[in-house]
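S.K.: Pasting in a structure now, in structure tokens, and then I'll have a few things to ask.
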Amino acid sequence: MDERLDSACSLTSKINVMDLEQHLHEQMNEPVPEDWYKHYFDTDNNRQTYSFSEFCDIFQITPILGKRLLKQFITNFNFDDKCNRIDSKDIWRIARVLWEGSACLKSLILFRVFDENDDKLITVNDIKNFYDEYLNEDESMILNNKDHETILDTIVDGYSWDANKEMTFDRFHDTLVRQTNGKIEDLFKIYFTNDTRTTDNKKSKQKRLELYIKNHLKEIIFLLSYILTQIGLLLWVVFCRYTVIYEVHKEDMHPLIVIAKICAMLLSFNCSLIIVLMLKQIITLIRCSYLRYILPVDCHIDFHRIVGRYILVLAVIHAISHMVHFSILKTPYTWAELMFTFAANQGTIIPGFATISGIILSFILITIIIFSFEYIRRSGHFELFYFTHLLYIPFFIFLIMHGNGFWKWIIGPLTIFVIEKVYELCQFCRSSHGKTHMKFMTIFESYSKSGKLESSVLALSIKRPRNFDYRPGDYLFLNIPAISKFEWHPYTISSGPEEKDTLSVHIHAVGNWTNKVLEYSKLVMHKNDSNGLCQIVSHLNITTEPVNVEPLKRQSFLINDSVLIDGPYSSCARYIFDVEHAVLIGGGIGVTPYASILTSLMVQFRLQRIKCKQCNHINYTTPISGTICTDRILKKVDFVWINRDIQAFEWFLDLLAHFEQEQEDYLKDVQNDGSNERQRFLDLHLFFTGNTQRKD
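Its first residue numbered 43, the sequence shown is counted upward by one per residue in my numbering.
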């Protein structure tokens with residue numbers, strides 16, 4: 043029935059409202075199975091009745107929207123009677139209509155929401171009155187009058203009004219359903235955030251499995267190859283070394299020794315592999331070549347973590363096997379002498395040093411693993427992770443001394459690693475590459491309703507060194523000597539490579555080092571403020587409480603402190619230029635790689651501008667295909683940015699506004715030329731998710 047309605051709505055110029063009303067009446071009177079709630083809700087809503095406030099909570103809507111919706115489905119509901127209840131099966135029917143109803147039916151429901159007096163017409167005032175009440179009931183934010191009116195005007199402009207500023211349902215439906223380029227084209231799509239409808243049939247599971255394999259084929263092949271390599275090394279130790287090499291001394295080969303030797307062989311391989319997984323220059327070269335389609339370089343850090351924890355497991359088994367074997371071994375030495383002295387004189391590079399070096403290696407490995415946990419790195423103690431990871435230097439030195447044959451495994455990866463470090467050191471020591479200085483800094487501070495500082499973000503503008511070539515989405519390691527001479531922290535470059543004189547990075551003040559940078563920056567700012575070099579502005583007028591506290595304070599000031607940079611290094615973000623349609627999804631400060639990409643794309647837009655010398659009118663060189671980007675594969679970008687704090691949108695608000703204006707100018711130019719192709723290159727989707735939190 044819904045499909046027929048949609049087809050009829052799309053083919054006729056007039057909509058039969060009576061048919062839609064009849065269809066709505068039929069759906070609200072259909073029998074409801076007992077377990078129907080499972081199709082729409084993840085909790086048991088099989089209670090008998092609900093109050094109006096509970097109805098609004100279930101659908102996560104404000105009272106004004108809940109009241110106007112409920113009037114359409116239950117005509118005799120008395121809102122003044124607090125004892126009046128809503129049957130659970132009616133709630134399921136409403137959920138079914140809102141979820142599975144046709145676009146025509148949903149447009150009728152929304153039309154009635156606006157048409158409060160039921161005169162079959164909606165006016166500009168009807169729309170404004172509804173949204174005025176709706177915004178006033180939203181407790182997540184309070185807008186000043188100017189922003190309030192701006193939002194209402196933007197909503198009203200999205201509709202197609204007649205000369206009297208009125209709209210019939212047919213015109214309303216045409217705006218919502220038939221038009222494809224309208225600003226509110228997706229308004230009829232109604233979803234529930236707690237919908238968990240799943241199908242347990244075998245076809246659905248098989249389809250999801252096939253899709254997962256297709257999306258992660260490189261990772262799966264690499265992981266299977268890794269597992270097969272481990273099995274192969276294990277079998278080689280058992281059947282080759284044990285059976286052939288030690289055939290004469292079989293009686294001396296205790297099973298614990300076999301286990302220890304298996305772990306030793308696997309440790310030799312994995313301790314070499316873990317270096318390969320962090321060869322940054324090699325990974326950058328792979329990302330620039332066709333090898334990226336074969337090797338899962340984007341997951342190299344994840345594999346590095348997996349291998350590291352696997353090394354710990356192997357080391358524990360290896361150590362326990364030797365310790366237990368020492369306790370049952372018949373020798374003139376005690377267990378303690380075998381473990382903690384050179385008395386056993388076991389054959390290694392340094393005779394008798396095997397057990398002592400093994401103990402040292404165990405402590406180093408445990409320290410590295412413990413301080414590499416995400417909880418340590420993400421809880422403001424990145425320095426602990428960074429400095430304990432430097433223990434890899436003594437770890438590999440002792441590892442070479444610990445095992446006789448380990449140098450054969452490590453010599454290749456270690457040579458490449460040393461060459462990389464020498465190259466990075468040479469690049470860093472060049473006065474034109476690694477050493478530079480900051481130009482200016484901007485501090486973004488957001489506040490809660492009570493005026494408490496919630497978060498701080500620093501935007502550093504750095505003088506770009508000569509020969510510092512990078513691509514959008516790349517990252518660098520940053521050192522600020524005024525804070526610490528030995529701490530290096532990775533940050534994504536948020537500026538575009540087309541900006542020849544400047545590098546930008548955004549730092550979220552959440553840890554010890556970042557908070558020190560914030561404190562130092564404020565000291566410099568206060569110093570500059572006394573000299574008249576500091577500018578404090580606030581661009582957002584949205585407040586969370588009518589108090590004398592700015593929601594977002596933006597402070598910009600000059601700074602000339604020296605900084606050291608190491609890089610650039612590639613990331614997977616550079617792949618977006620290899621596809622026709624890219625969807626960029628970022629949350630919070632994690633959007634910085636895409637800021638660099640958008641900056642680069644905006645510069646490419648501007649390169650195709652032609653300004654008339656006579657009238658100063660700006661035209662764009664429009665290629666034959668109708669898109670401004672025929673010189674590369676990328677033709678369309680959807681940018682999705684999700685924030686819990688509305689103030690966070692200020693970080694890149696100027697960039698997004700400039701890009702949107704640039705695109706609008708281009709679209710107007712194409713339209714004025716009479717071209718049928720009016721194709722948007724960038725669509726912005728900004729989501730503020732903090733409105734569900736009613737408290738600070």
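C-beta atoms are modelled at their ideal positions from N, C-alpha and C, and glycine is treated no differently. Quantities reported herein were computed from a predicted structural model and do not represent experimental measurements.
Here's the rule I'm using: 16 or more other beta-carbon atoms within 10 Å means buried, otherwise exposed. How should N521 be labelled?
M.R.: Classification of N521: buried, given that the 10 Å Cβ count is 16 or more.
S.K.: Could you work out which residue in Y517, T634, M209 is closest to H548 when comparing CA atoms only?
M.R.: Ranking the options by Cα distance to H548, first place goes to T634.
S.K.: In angstroms with no decimal places, state the Cα-to-Cα distance between A615 and L253.
M.R.: A615 and L253: Cα-Cα distance of roughly 22 Å.
S.K.: With C-beta atoms as the reference, is E540 less than 7 Å away from S613?
M.R.: No, they are not a contact pair.
S.K.: Is it buried or exposed for I408, if we count other Cβ within 10 angstroms and need 16 for buried?
M.R.: Per the 10 Å Cβ criterion, exposed.
S.K.: Helix, strand or coil for L380, going by three-state DSSP, please let me know.
M.R.: Helix at L380.
S.K.: Taking the C-alpha atoms as reference points, what is the distance between K170 and Y512?
M.R.: Cα-Cα distance, rounded: 49 Å.
S.K.: Could you give the distance in angstroms between the alpha-carbon of R213 and the alpha-carbon of K505?
M.R.: For R213 and K505, the distance between alpha carbons rounds to 55 Å.
S.K.: Residue ranges of each alpha helix (DSSP H) run of no fewer than 4 residues wholly in the region 404-439, ordered along the chain?
M.R.: Counting whole runs of 4 or more residues, the region 404-439 contains the alpha helix (DSSP H) stretches 416-420, 424-431.
S.K.: Tell me the residue span of the alpha helix (DSSP H) that contains T326.
M.R.: Run containing T326: 322-329, per the alpha helix (DSSP H) assignment.
S.K.: For V645, which residues of its own chain have a beta-carbon under 7 Å away from its beta-carbon, when the five flanking residues on both sides are left out?
M.R.: Answer for V645: G538, E540, listed in chain order.
S.K.: From the DSSP output, in three-state form, read off I525 for me.
M.R.: I525: coil per DSSP, three-state reduction.
S.K.: Give the DSSP bridge partners of F730, in chain order.
M.R.: According to DSSP, which records beta bridges pairwise, F730 is partnered with N685.
S.K.: Residues bridged to M209 by DSSP?
M.R.: Note: M209 sits in a beta bridge opposite I164.
S.K.: Please name the residue or residues paired with F368 in a DSSP beta bridge.
M.R.: In the DSSP output, where bridge partners are listed per residue, F368 has none listed.
S.K.: Rounded to the nearest angstrom, what separates S95 and F694 at their Cα positions?
M.R.: Approximately 38 Å between the Cα atoms of the pair.
S.K.: N509 to G609, Cα distance in whole Å?
M.R.: Answer to the nearest angstrom: the Cα atoms are 11 Å apart.
S.K.: Compare the Cα-Cα distances from L456 to each of I418, T383, L315, F101 and report the closest residue.
M.R.: Of I418, T383, L315, F101, the residue nearest in Cα terms is L315.
S.K.: Suppose contacts are defined by Cβ-Cβ distances below 7 Å. Is L298 in contact with V366 by that definition?
M.R.: Cβ atoms of L298 and V366: closer than 7 Å.
S.K.: How should R329 be labelled, buried or exposed, when 16 other C-beta atoms within 10 angstroms of its C-beta is the threshold for buried?
M.R.: Buried.
S.K.: May I ask you to verify whether the region 91-107 touches the region 171-179, counting CB pairs closer than 8 Å and requiring at least 3?
M.R.: Cβ pair count under 8 Å is three or more, so yes.
S.K.: Quick check on T271: does DSSP put it in helix, strand or coil?
M.R.: Residue state, collapsed to three classes: helix.
S.K.: From which residue to which residue does the alpha helix (DSSP H) around S314 run?
M.R.: First-last of the alpha helix (DSSP H) with S314: 297-318.
S.K.: Counting Cβ pairs, one atom from each stretch, are 3 or more of them under 8 Å apart for the region 676-683 and the region 553-573?
M.R.: The answer is no - the region 553-573 does not touch the region 676-683, with fewer than three Cβ pairs under 8 Å.
S.K.: Does DSSP put T397 in a helix, in a strand, or in coil?
M.R.: DSSP places T397 in helix when its eight states are reduced to three.
S.K.: Assuming the contact rule is C-beta atoms closer than 8 Å, P338 and F427 should be a hit. Round their C-beta distance to whole Å, please.
M.R.: Actually they are not in contact, since the Cβ atoms of P338 and F427 sit about 24 Å apart, beyond 8 Å.
S.K.: Could you tell me which of L277, F345, K249 sits nearest to I262, measuring between CA atoms?
M.R.: Comparing Cα-Cα distances from I262 to each of L277, F345, K249, the minimum goes to F345.
S.K.: On the criterion of 16 or more Cβ atoms from any shown chain inside 10 Å, does K247 qualify as buried, or is it exposed?
M.R.: Counting Cβ neighbours within 10 Å, K247 comes out exposed, since fewer than 16 surround it.
S.K.: Can you tell me which residues form a DSSP beta bridge with K758?
M.R.: In the structure as shown, the chain begins at 43 and stops at 738. Residue 758 is therefore absent and cannot be evaluated.
S.K.: Are H550 and I631 closer than 7 Å when you measure CB to CB?
M.R.: Yes, the pair counts as a contact, with Cβ atoms nearer than the cut-off.
S.K.: If we count the other Cβ atoms within 10 Å of its Cβ and call it buried at 16 or more, is C468 buried or exposed?
M.R.: C468 should be labelled exposed.
S.K.: Do you know how far the Cα of D543 is from the Cα of I435?
M.R.: Distance between the alpha carbons of I435 and D543 is about 37 Å.
S.K.: What residue range is occupied by the uninterrupted alpha helix (DSSP H) comprising S149?
M.R.: Segment 145-156, the alpha helix (DSSP H) holding S149.
S.K.: DSSP three-state call for L337: helix, strand or coil?
M.R.: If DSSP states are grouped into helix, strand and coil, L337 belongs with coil.
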